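Numbering (our numbering), first residue to last: 5 to 636. For every residue, glycine included, the Cβ atom is placed at its ideal position computed from N, Cα and C. All of these numbers come straight from a predicted model, not from anything done at the bench. To keep things clear, I will list the structure first and then write my remarks on it.
Dropping the structure here:
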C-alpha cells in the first residue's frame, strides 16, 4: 500500500481539474466520446477515484470506527419518514393559509394542498387562539421542500392555477385604480410559452393600470459580447410584441436576477413611480420563473412597509414546479417625497463604495453570489425600524433537544408575532405572489424531483463548445439530441444548459444503439432509473432543421430542447446545414432565430487535441452599484 500511494499522489499532482476529460467508449475505433467537465461534475472523476483509493487504503490499516455524524443522519431520516403523519377527516378546514405556499391549512386529506398531520394540526390549534394558532405555520409540503428538498405530488390540476390567478385579477378595484401586473419570465425560456396566454387570462373585464415585464435569471447567462444585456432586453420586448402586449398596457421591460439581486434596486424605483397610477401589484408568470424568490427579495427591500419582514412570512422557494398554490402578500410602503429622497441618498452613497470598504459579512455574501451568477446586485433597506434587544430566558429543558429536532410538544409558549394595526392596513396596497402557470409541452413535467434539480441550472452556466463534422451526433443527457446530417465543412455546436447535464458525442451510425443502451443509466444521467424508468418515459421524436451559416464567430440559430437547454449552431458564411434534432414526445422543440447569445461560441478555451471539444472558459462576475478598484 505504501508503495502504491506515491504513484497515485504523483498522478494527482499532474492532473488539471479545470480541463474537460474525454472518456472513450468500448469501441476500438474510439468513435464515442463523452466529455466530462470536473469543475462542476458531482460524481468522482478518475483522478478523484484514485485519491479515494489512497484514502481507503490508509483507512484499512486503522481500526474501524463509527462514521462521524451517522447518528445525526439516521435521526434526520427517521424524522423525514415520520413527517407524513396521519389525516383526520373529521376536522374542518382552518381558514388559515400556509405561510409558505398560501394553501388553506387542513388535516383532512394528505394528498390535498395545505395538509398538516393531524397531531401537528391539533397541537397548534388547541389553545385560546383556536385556529388562529396556526398562523405562521407551514404545510407538510413546504416543510419537506425547505428541509429535505422533497416534493410531494398534489392533486392540483393546471386549470386550478389559472382559476386562482384569474379570480384574483377580477377582484373589484381598490383605491380607484386598477392593479399593476408584474409579469416575470425566465429569459432562458424565450420565447416564453405562457406570455401569449396573458391577454386571455386577463380578459376584457380586468382594467389593469399597466403591465411591467421583467426578464429574470440574467445572472445565469455569460456576457458573449459588449452590450449583451441591451440585446436581451430587446429580445424580451420583441417577445411581448409577438404576444400582443405592445402599446399602452406595457409600461416597461426590465432585466433582473431575483436570486443575486441584480437590477432589483432599479426595479423597486420603477415600481415606486407607479404608485400614483396603480393599485395593488400582482406577480404573474410561469412555473419556475422565480416569482417566489422575487417576492422574498422585495419583502426585504424598500418596496414594503418597514415592519413587514417581521410580520409576513417568506414564500417557499423550490425548483419543483408549482410551489406557490394560492396568494401570498405583503403591504407596499407609500413612497412619499421624503422617503424617495432618503432612498436616493442611500443609493448614491452605496454606489461610491468599493469592495474593500464593505464589511466582512458583506464581502462573504458577495463572494458567495459571485460563485452562483455572473451578475450580482446589492439590495439594501433605507427604512428600518429599530427593535429593542429581546430578553433571553434561560430554559434548561430546551437544552435536552438537538438543534435538528422538532419537539412535538414544547412546554414553552409560542413567540408573539409582529402584528399590523388596523390603521396601518386600512388603506394599504398589497403585492401578491400568485401561483405559477404550468407550462405545457415542457420536459420538466416528465421528470422526477431529483431529475428536475439536475436540469434546472442554479449556478452560472459555463458554455461547452464542440466542433462536429457531418455524420456526428451530440447528446444532451437523454433529453435531447442533435444530428449533423449534411454539410460541406465542420460547424460549432455550443451547449447552454445546466452544468450538471452531461454531453456525449457519437457518430450517426451508432447513436441509436448508444441511446438504447445508456438512456436511464449513468452515461446520459437524466432520466435516471434504468430500464424501468425508460419504459414510462416518452421516446425521442425528430424534427429536421435547415440552417445557413453567417460566419465563424456568430451563431445562426439556437436549437432549444424544451426546458433542458439549447444548442447554438455556428457555421461558415453561406454554409448550408441539414440537422435533425430530437426531444421527448410531447415536448416543444424550438428553433430560435436570431439566437439569444449569438457569440457564445467565442467563450471557449483551446481545442483539446484529438477530440471534438474545446476547454471551457468562465467569464468574470460583475457587481452592480459598486465602484470598481483598478489594481496596478
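Please state whether DSSP places residue i in a helix, a strand or coil.
i, result
"residue 266", "coil"
"residue 47", "Only weak support is given to the placement of residue 47: the predicted model assigns it a pLDDT of 40, under 50, and the value that follows is read from those uncertain coordinates. It is coil, neither helix nor strand."
"residue 618", "strand"
"residue 101", "strand"
"residue 122", "helix"
"residue 90", "coil"
"residue 220", "strand"
"residue 204", "helix"
"residue 284", "coil"
"residue 212", "coil"
"residue 111", "coil"
"residue 360", "helix"
"residue 455", "helix"
"residue 594", "strand"
"residue 158", "Residue placement at residue 158 is flagged as unreliable, the pLDDT there being 47, under the threshold of 50; a coordinate-derived value is accordingly withheld."
"residue 351", "helix"
"residue 344", "helix"
Find the nearest neighbour of residue i within the set the options, judged by alpha-carbon distance.
i, options, result
"residue 305", "549, 443, 570 and 387", "387"
"residue 539", "608, 591, 520 and 348", "520"
"residue 385", "347, 365 and 374", "347"
"residue 287", "442, 362, 631 and 217", "217"
"residue 621", "609, 364, 554 and 614", "609"
"residue 268", "451, 379 and 191", "379"
"residue 254", "364, 513 and 185", "185"
"residue 361", "90, 630 and 108", "630"
"residue 293", "612, 436, 263 and 342", "263"
"residue 95", "116, 172 and 122", "122"
"residue 456", "492, 504, 475 and 432", "504"
"residue 295", "331, 129 and 282", "331"
"residue 482", "201, 109, 537 and 91", "537"
"residue 339", "289, 377, 432 and 595", "432"
"residue 300", "474, 365 and 335", "335"
"residue 550", "566, 528, 573 and 461", "573"
"residue 101", "333, 228 and 233", "333"
"residue 187", "559, 257 and 303", "257"
"residue 559", "545, 575 and 566", "575"
"residue 291", "248, 199, 246 and 543", "199"
"residue 590", "434, 488, 205 and 484", "484"
"residue 474", "440, 512 and 441", "512"
Would you kindly work out how many angstroms separate the C-alpha atoms of residue i and residue j, rounded to a whole number?
i, j, result
"residue 470", "residue 534", "28 Å"
"residue 510", "residue 547", "19 Å"
"residue 270", "residue 261", "12 Å"
"residue 605", "residue 480", "17 Å"
"residue 571", "residue 97", "49 Å"
"residue 351", "residue 344", "11 Å"
"residue 356", "residue 367", "16 Å"
"residue 196", "residue 235", "16 Å"
"residue 275", "residue 448", "32 Å"
"residue 310", "residue 124", "32 Å"
"residue 244", "residue 618", "36 Å"
"residue 59", "residue 308", "Note that residue 59 scores 49 on pLDDT, short of 50, meaning its location in the model is unreliable; the coordinates nonetheless yield the value given after this. Using only the alpha carbons, I get a separation of about 53 Å."
"residue 468", "residue 499", "5 Å"
"residue 182", "residue 142", "31 Å"
"residue 580", "residue 445", "30 Å"
"residue 278", "residue 437", "18 Å"
"residue 497", "residue 527", "20 Å"
"residue 342", "residue 454", "49 Å"
"residue 584", "residue 592", "14 Å"
"residue 203", "residue 212", "11 Å"
"residue 259", "residue 91", "44 Å"
"residue 532", "residue 522", "10 Å"
"residue 506", "residue 632", "36 Å"
"residue 577", "residue 552", "7 Å"
"residue 565", "residue 227", "22 Å"
Can you tell me whether residue i is buried or exposed? The criterion is at least 16 other CB atoms within 10 Å of its CB, across all chains shown.
i, result
"residue 515", "buried"
"residue 418", "With a pLDDT of 45 at residue 418, under the threshold of 50, the modelled position of this residue cannot be trusted, and the question is left open."
"residue 219", "buried"
"residue 230", "exposed"
"residue 167", "exposed"
"residue 464", "buried"
"residue 190", "buried"
"residue 221", "buried"
"residue 171", "exposed"
Legend entry - Any beta strand (DSSP E) of 3 or more consecutive residues that is wholly inside the segment 466-542: 468-472, 476-480, 484-490, 495-500 and 507-511
Inset, instruction - Quick one: which unbroken alpha helix (DSSP H) runs of 4-plus residues sit fully inside the segment 232-256? Chain order, please. - result: 232-246
Inset, instruction - Could you name each continuous beta strand (DSSP E) segment of 3 residues or more that falls completely within the segment 541-587, going from the start of the chain to the end? - result: 544-552, 561-565 and 570-574
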